[in-house]
Amino acid sequence: MTKETFVYNHFTLEKVSDGVYAAIATDNGGAFSNSGIIDLGDQIIIFDTFFTPQAAIELREAAKRLSDNPITTVINSHWHSDHIRGNQVFEQFDILSTTKTKKIMMEELTKQMKQQQDSLNEFINHIQSLENSLKEETDVQRKISMQNQISGYNYIKETLPSLKLVLPNIVFKDYYKIEGKTKSVELISYGGAHTKSDLLMVIPEDNIIFSGDILVVENHPFTLDGNLKDWVSTIDKILNLSFEVIVPGHGRIGTREDIMTLRQYLTLLIEYRQTNDEKDKEKIKGVLTDNYNSWGKPEFFTLNIENKGKEN
Numbered sequence: 001m002t003k004e005t006f007v008y009n010h011f012t013l014e015k016v017s018d019g020v021y022a023a024i025a026t027d028n029g030g031a032f033s034n035s036g037i038i039d040l041g042d043q044i045i046i047f048d049t050f051f052t053p054q055a056a057i058e059l060r061e062a063a064k065r066l067s068d069n070p071i072t073t074v075i076n077s078h079w080h081s082d083h084i085r086g087n088q089v090f091e092q093f094d095i096l097s098t099t100k101t102k103k104i105m106m107e108e109l110t111k112q113m114k115q116q117q118d119s120l121n122e123f124i125n126h127i128q129s130l131e132n133s134l135k136e137e138t139d140v141q142r143k144i145s146m147q148n149q150i151s152g153y154n155y156i157k158e159t160l161p162s163l164k165l166v167l168p169n170i171v172f173k174d175y176y177k178i179e180g181k182t183k184s185v186e187l188i189s190y191g192g193a194h195t196k197s198d199l200l201m202v203i204p205e206d207n208i209i210f211s212g213d214i215l216v217v218e219n220h221p222f223t224l225d226g227n228l229k230d231w232v233s234t235i236d237k238i239l240n241l242s243f244e245v246i247v248p249g250h251g252r253i254g255t256r257e258d259i260m261t262l263r264q265y266l267t268l269l270i271e272y273r274q275t276n277d278e279k280d281k282e283k284i285k286g287v288l289t290d291n292y293n294s295w296g297k298p299e300f301f302t303l304n305i306e307n308k309g310k311e312n
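Using the UniProt record's numbering, read the sequence shown as starting at 1 and increasing by one per residue.
Listed below in structure tokens is the structure:
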């Protein structure tokens, strides 16, 4: 992997291989998750479209600057908003997902977007409340975190009134391949993991995987819409694939070691949820806290421990 990078407002573009770029979300932008630009030699594939149209527009312009080849296809790794709300920027292109992901998008996001648009004034008031709290905050790290949050929320606020749900127009169950002139991409779904349906994208010529949120690096995963046992099973299948680099849904570009680290985290979380012994729970919680206390998204750790999701 080269160290060549290009800095944008919403992401840092890292060249992973010839024609393969990872768009790693900045902390204070409107991306909120990672995306990818893949030049197949005669066409460009976009992997995930960020949380806001502003970030997606920047992603589209980056793709145009990188190559004269046309964008043809957009991939949605799963249904969560931070990976698909930029779809409207790519509406003229084919958008692919699993059949189940499209179904969940229709069921969940149609009402979610309407509720948020109807509650725009409340959201604006919430941002103002955060800005007021920021003025009183004295902890440096907490202050930076709040500034980043406010910045991201303002991007959401700007385009929320014009936001629309653009659904995939091509769906598949578990495998789909796109052939290009110089390389190809394989879309693989092992079923549920982070959500009820997740896909990953393999670039076999380069031994690169774009994983969506099946893998996050140095961030606590959001587990409330998934199934931990299925997630571990999916990770085991990925570990049997040939790859050297994996671009996660959140966090820096990772390796096989990073996906093993997440597997260990999820396994400990399974043990925590299954045991009824309070001493064992405290012991496992202590290990999780000690081993992963430097990870981002600590609020997800609290949710994961409380297990208020739909699993089980």
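Yeah, the Cβ is synthetic: ideal placement off N, Cα and C, and Gly gets one too.
Within 8 Å, strictly: CB atoms of residue i and residue j
i: L163; j: S77; result: no
i: S17; j: K100; result: no
i: S97; j: V171; result: yes
i: T49; j: V89; result: yes
i: D39; j: S67; result: yes
i: residue 315; j: I284; result: What the structure shows of the chain is the stretch from 1 to 312, and residue 315 is not part of that stretch, so it cannot be assessed.
i: A22; j: N9; result: no
i: L120; j: I150; result: no
i: E137; j: M146; result: yes
i: I270; j: K229; result: yes
i: I71; j: F93; result: yes
i: I305; j: Y265; result: no
i: G152; j: F32; result: yes
i: F210; j: G19; result: no
Range of the contiguous beta strand (DSSP E) that encloses residue i
i: Y176; result: Y175 to E179
i: H250; result: V245 to H250
i: D198; result: D198 to I203
i: F11; result: F11 to S17
i: E186; result: S184 to G191
i: P287; result: Looking at the sequence itself, residue 287 is Val, so the reference to Pro does not match. First-last for V287: E278 to N291, but that is the alpha helix (DSSP H), not the beta strand (DSSP E).
i: F222; result: It is not in any beta strand (DSSP E) - F222 carries neither H nor E in the DSSP assignment.
i: I253; result: I253 -> no beta strand (DSSP E), and no H or E assigned at all.
i: T5; result: T5 to V7
i: V171; result: I170 to F172
Limits of the alpha helix (DSSP H) - the one that residue i falls within
i: D236; result: L228 to L239
i: F210; result: Not the alpha helix (DSSP H): F210 falls in the beta strand (DSSP E), residues I208 to V216.
i: I259; result: R256 to Q274
i: T302; result: P298 to E306
Among the options, nearest to residue i - alpha-carbon criterion
i: L288; options: E299, R273 and L268; result: L268
i: H194; options: R142, W79 and F123; result: W79
i: N154; options: I246, V232, D68 and N125; result: N125
i: T234; options: G254, Y190, Q264 and L262; result: Y190
i: F51; options: E306, V74, P298 and I84; result: I84
i: E246; options: D236, G212 and D225; result: It should be noted that the sequence gives Ile, not Glu, for residue 246. If we check each option's Cα against that of I246, G212 comes out closest.
i: G29; options: K157, I95, K103 and N87; result: K157
i: T255; options: N207, K183 and I144; result: N207
i: Q115; options: N87, P161 and Q128; result: P161
i: V232; options: F210, F222 and R263; result: R263
i: W295; options: T261, Q274 and E278; result: T261
i: Q117; options: T159, V7, K143 and D174; result: T159
CB contact below 8 Å: residue i versus chain D
i: S119; result: Here chain D cannot be found, since the structure has a single protein chain.
Pairs of beta-carbons, one from the segment 150-169 and one from the segment 105-122, closer than 8 Å: are there three or more? yes
Is the segment 49-69 close to the segment 5-15, with three or more CB pairs under 8 Å? yes
Is it a yes or a no for the segment 247-266 touching the segment 212-225, going by three-plus beta-carbon pairs under 8 Å? yes
Only counting runs of 4 or more residues, tell me where the alpha helix (DSSP H) segments fall wholly within the segment 21-102, in order along the chain. 53-66 and 81-84
Do the segment 176-190 and the segment 40-49 touch if we need at least three Cβ pairs shorter than 8 Å? yes
Is it true that the segment 200-210 meets the segment 230-248, where meeting means three or more beta-carbon pairs spaced less than 8 Å apart? yes
List in chain order: all unbroken beta strand (DSSP E) runs of 3+ residues lying wholly within the segment 102-145. none
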